[in-house]
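Quick notes on the structure that follows.
Residue numbers (our numbering): 79 to 660.
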């Protein structure tokens, strides 16, 4: 197991640092890492998880050695895999962890196991040292699992990184004595880049639960609004999937685990054994059913009060992952605007409450200082006044911070409105461009038709001037009939023309209706419309035939009143007959 890197000059082990996926350097990296949604409004659409996954091609933080082992199926089959249970809080990770324990995976001695409580009466199945270590890394960056904005694993100072590597190394060395093993803590979704360089052969066990059920549970347990719970679910799930994309992974669906635990456990055992995890066994059925009961499923996504969020982005994302856990692979690890706004508003409210509490405490300290002022000596009196002035200045600063927090929230709303306005203007421009294209096509066809008619009239005039009187009369009658046809409505469509066009395969009904929305909006047969009017309007029967180009290539066709595609098919058939005769 890799726990550090060897220093050639001093022959001592330095703690491993998270490795930048772009430059593969942890000490001299100059890449523009962006913290997870740092408070600035200008950065509310940036990527998260401590580095730009989109810019770095979706690569993971991992040491060269860990990457080499993960990508070697042969070597993975020769050793017990290190299992990391990944999932959002209230997603059933504790239940999944207990199933892994029943299958034969070690996780902690009793002295290090987090005990049960009212929140989780059947236990968390977590190691206390892992939870404390993850919490300390988040706190060092001023973050928490419910407030992940600004957390950047790559931005930790050397002292914090060294402390993490040392503590995590001890934990992993203890676990490696009892392979196969697992660690489970929802905070792993956020701190995964710190753990990855220390792992030899990791395997991710993703626990997936409906985001509305998670948000409802968080609302009950932590008084978090539903939009905030949805945003936290998206944050944890996206980071867990992105951080483990190169690992072998299995997925446990919460609903299946609760409603059908024994087959779900058997399927999990089969998947783990296929991934190379040795030393597992299928527990007795009663061992599973004694622990997994329907009472564990206390929140339901179909509750009436959750209907306003039934089509939230996170719900659509869950459905994609429920069908295919790799659905997000290759996509930029980017929070949706709704999630960013919910987290930013929640963070602003939390900071405002903190500031308000500090203001109240400061006022109390000022009052206490003023009460003692009358009982102090002259020197003490002067010192107390200085302290009071300092406290007043501190209070002013805190009030300004509260105002700044409110201004940032207003800026978020303003940016959202500006974005909506720009989208409306873009849609209007697109509609105008479509109108101009249709008008240009109509004008082109009209000009071609008029030019063909002019040339035909000129030819008739020349011919008439050279013919005898009876030929003049005959030509006048023919021209009169042609004028009647051109000035009148298009004649009826013959069955022969319909069959000719249908057999050609060049007319695509679905394409015609999808391309010309005005035709789809009226109750008319698309083939009948094209044969009567569409061809003369420059509309195409499908992607394989251009009516306008055919009209321009055969101007005499406009005079004859024959549909462009029918004209093309008749001439093509005649040409084929001539070739066969020859």
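Here a beta-carbon is modelled for each residue, glycine too, at the ideal position from N, C-alpha and C.
The three-state reading of DSSP puts residue 304 in helix, counting H, G and I together.
The secondary-structure analysis by DSSP pairs residue 478 with nothing; it has no beta-bridge partner. C-alpha of residue 446 to C-alpha of residue 469: approximately 12 Å in a straight line. By a beta-carbon distance limit of 8 Å, residue 209 contacts residue 263. Their separation comes to about 5 Å. Judged by DSSP secondary structure, residue 261 falls within the beta strand (DSSP E) whose first and last residues are 259 to 262.
The alpha-carbon of residue 533 is positioned some 12 Å away from that of residue 632. By a beta-carbon distance limit of 8 Å, residue 168 does not contact residue 213. Their separation comes to about 17 Å. Of the residues assessed, residue 337 falls on the exposed side of the cut-off, its CB having fewer than 16 other CB atoms within 10 angstroms. In this chain, the alpha helix (DSSP H) harbouring residue 352 covers 339 to 352. In the three-state scheme derived from DSSP, where H, G and I count as helix and E and B as strand, residue 282 is classed as strand.
In the same chain as residue 407, and ignoring 5 residues on each side of it, the C-beta atoms closer than 7 Å to its own belong to 323, in chain order. Taking a contact as a CB-CB distance under 8 Å, the pair residue 160 and residue 279 counts as one, their CB atoms being some 6 Å apart. Separation of the CB atoms of residue 428 and residue 225 is rounded to 7 Å, and the pair is thereby assigned contact status at 8 Å.
Secondary structure at residue 620: strand, using DSSP grouped into helix, strand and coil.
Residue 438 carries a helical assignment under DSSP once its states are collapsed to helix, strand and coil. Assignment of residue 288 by DSSP, reduced to helix, strand and coil, places it in the coil class.
Contact check between the stretch 603 to 622 and the stretch 506 to 515: fewer than three CB pairs, one atom from each, fall below 8 Å, which does not count as touching. Straight through space, the alpha carbons of residue 648 and residue 579 are spaced by roughly 10 Å.
Taking the CA atoms as reference points, residue 195 sits about 9 Å from residue 202. DSSP places residue 328 inside the beta strand (DSSP E), whose first and last residues are 327 to 331. Listed in chain order, the non-local C-beta contacts of residue 501 below 6 Å within the same chain number zero, local neighbours out to five positions each way being set aside. Out of 192, 206, 273, the CA that lies nearest to the CA of residue 232 is found in 273.
The beta carbon of residue 622 is closer than 7 Å to those of 584 in its chain, skipping five residues each way along the sequence. Between residue 309 and residue 413, the CB-CB gap stays under 9 Å. Contact check between the stretch 181 to 196 and the stretch 246 to 259: three or more CB pairs, one atom from each, fall below 8 Å, which counts as touching. Residue 465 and residue 415 have their C-alpha atoms roughly 44 Å apart. Here the alpha carbon of residue 503 sits roughly 42 Å from the alpha carbon of residue 271.
Residue 259 counts as buried, since no fewer than 16 other beta carbons sit within 10 angstroms of its beta carbon. From the listed residues 519, 531, 307, 525, the smallest Cα separation to residue 296 is found for 307. Selection 573, 587, 530 evaluated against residue 639 yields 530 as nearest (Cα-Cα). In the three-state reduction of the DSSP assignment, residue 265 falls in the coil class.
Approximately 12 Å separates the beta-carbon atoms of residue 346 and residue 370; this is outside 8 Å, ruling out the contact.
Rounded to whole angstroms, the Cβ separation of residue 617 and residue 594 is 6 Å, and the two are in contact under 8 Å.
The straight-line gap separating the alpha-carbon atoms of residue 174 and residue 439 is approximately 44 Å.
Note: residue 162 is bridge-paired with 261, 282 in the DSSP secondary-structure output.
Residue 333 has its alpha-carbon roughly 9 Å from the corresponding atom of residue 339.
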